[in-house]
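What follows is one structure encoded as structure tokens, with my remarks underneath.
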Amino acid sequence: MRLNTLSPAEGAREDRKRVGRGIGSGLGKTAGRGHKGSFARSGKGKIKAGFEGGQMPMQMRLPKVGFRSKTKNDTAEVMLYQLDQLEAGDVDFATLLAAKLVSTKAKRAKLVVKGEVTKKFVFKGVLATAGAKAAIEAAGGKVEE
Numbered sequence: 795m796r797l798n799t800l801s802p803a804e805g806a807r808e809d810r811k812r813v814g815r816g817i818g819s820g821l822g823k824t825a826g827r828g829h830k831g832s833f834a835r836s837g838k839g840k841i842k843a844g845f846e847g848g849q850m851p852m853q854m855r856l857p858k859v860g861f862r863s864k865t866k867n868d869t870a871e872v873m874l875y876q877l878d879q880l881e882a883g884d885v886d887f888a889t890l891l892a893a894k895l896v897s898t899k900a901k902r903a904k905l906v907v908k909g910e911v912t913k914k915f916v917f918k919g920v921l922a923t924a925g926a927k928a929a930i931e932a933a934g935g936k937v938e939e
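First residue of the sequence shown: 795, per our numbering; consecutive thereafter.
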């Protein structure tokens, strides 16, 4: 085998369409673009998503329902079993951030019941569900808000 004898498999590559090269090619005159209209023009064949030809678009006709909270993603959830990574003692948001239990995008943390607490923690400035608070207090710790 030599480099000059290599070629792709039969039918693997297709010749490009040479448009606008005369009537005999089958793609002469309008070059496969049809007659007139925005798709026949150069650079004008795009229609933005949801455009319905000037008719009131569907997303504007339908009512807007519900409430979308801007602060939804501000609170990071920390499971009780994840707290085993921390040293027992005082824990605040900065401690959770340093231990990478909370995302850097989060503005506050909330303790959620999943797993068990084995160490004694004192949480300051951290939110907690009622169940998480009970589990922490049962382990000898407390949650100060």
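Each residue gets a CB set at the ideal place from its N, CA and C atoms; glycine is no exception.
Worksheet item: In this structure, what does DSSP give as the bridge partners for Met873?
Response: The residue labelled residue 873 in the question sits at position 79 within the sequence shown. Its beta-bridge partners are Val906.
Worksheet item: Under three-state DSSP, which class holds Ala888?
Response: One-based indexing of the sequence shown puts residue 888 at position 94. In this structure, Ala888 counts as helix in the three-state DSSP scheme.
Worksheet item: Should the segment 896-914 be regarded as contacting the segment 850-870, the criterion being three or more beta carbon pairs within less than 8 Å?
Response: yes
Worksheet entry | Nonlocal neighbours in the same chain, by C-beta distance under 6 Å from Gly934, ignoring five residues either side | For the purposes of this step, residue 934 is taken as the residue at position 140 of the sequence shown. These residues qualify, in order along the chain: Lys914.
Fill in: Pair within 7 Å by beta-carbon distance, Val885 and Phe917
If you number the sequence shown from 1, residue 885 lands on position 91. If you number the sequence shown from 1, residue 917 lands on position 123. Taking the C-beta atoms as reference points, Phe917 is found nearer than 7 Å to Val885.
Fill in: Every unbroken alpha helix (DSSP H) within the segment 819-873, with a cutoff of 4 residues, ordered by chain
852-855
Item to complete: Determine the contact status of Lys904 and Leu921, defining contact as a CB-CB distance below 7 Å.
Response: To locate residue 904, count along the sequence shown from 1; it is residue 110. To locate residue 921, count along the sequence shown from 1; it is residue 127. Between Lys904 and Leu921, the CB-CB gap stays under 7 Å.
Practice prompt. Taking Glu931 as part of the beta strand (DSSP E), name the residues at either end of that continuous run.
Written response: Locating residue 931 in the sequence shown gives position 137, counting from the first residue. Looking at the DSSP string, Glu931 is not in any beta strand (DSSP E); the run it does join, the alpha helix (DSSP H), is 924-932.
Worksheet item: When the Cα of Ala882 is compared with those of Arg862, Thr912, Met854, Leu856, which residue comes out closest?
Response: Counted from its first residue, the sequence shown places residue 882 at position 88. Closest option to Ala882, Cα to Cα, is Thr912.
Practice prompt. Enumerate in chain order the residues of its own chain whose CB-to-CB distance from Lys908 is below 8 Å, with the five nearest sequence positions on each side excluded.
Written response: Numbered from 1 along the sequence shown, position 114 holds the residue referred to as residue 908. The answer, listed in chain order, is Met873, Leu874, Tyr875.
Worksheet entry | Three-state secondary structure (DSSP) of Leu797 | Here residue 797 is taken as the residue at index 3 of the sequence shown, counted from 1. The answer is helix: DSSP assigns Leu797 an H, G or I state.
Practice prompt. Using DSSP bridges, identify the partner residues of Gly883.
Written response: Reading the sequence shown from its first residue, position 89 is the one you call residue 883. Paired residue(s): Phe915.
Item to complete: Answer yes or no: do Gln879 and Ala893 have a C-beta to C-beta separation smaller than 7 Å?
Response: Taking the first residue of the sequence shown as position 1, residue 879 is located at position 85. Taking the first residue of the sequence shown as position 1, residue 893 is located at position 99. Cβ atoms of Gln879 and Ala893: closer than 7 Å.
Practice prompt. Could you check which residue in Val859, Arg827, Glu804 has the C-alpha nearest to that of Lys838?
Written response: As a first step, residue 838 is located in the sequence shown; it is residue number 44 there, counting from the start. Minimum Cα distance to Lys838 is reached at Arg827.
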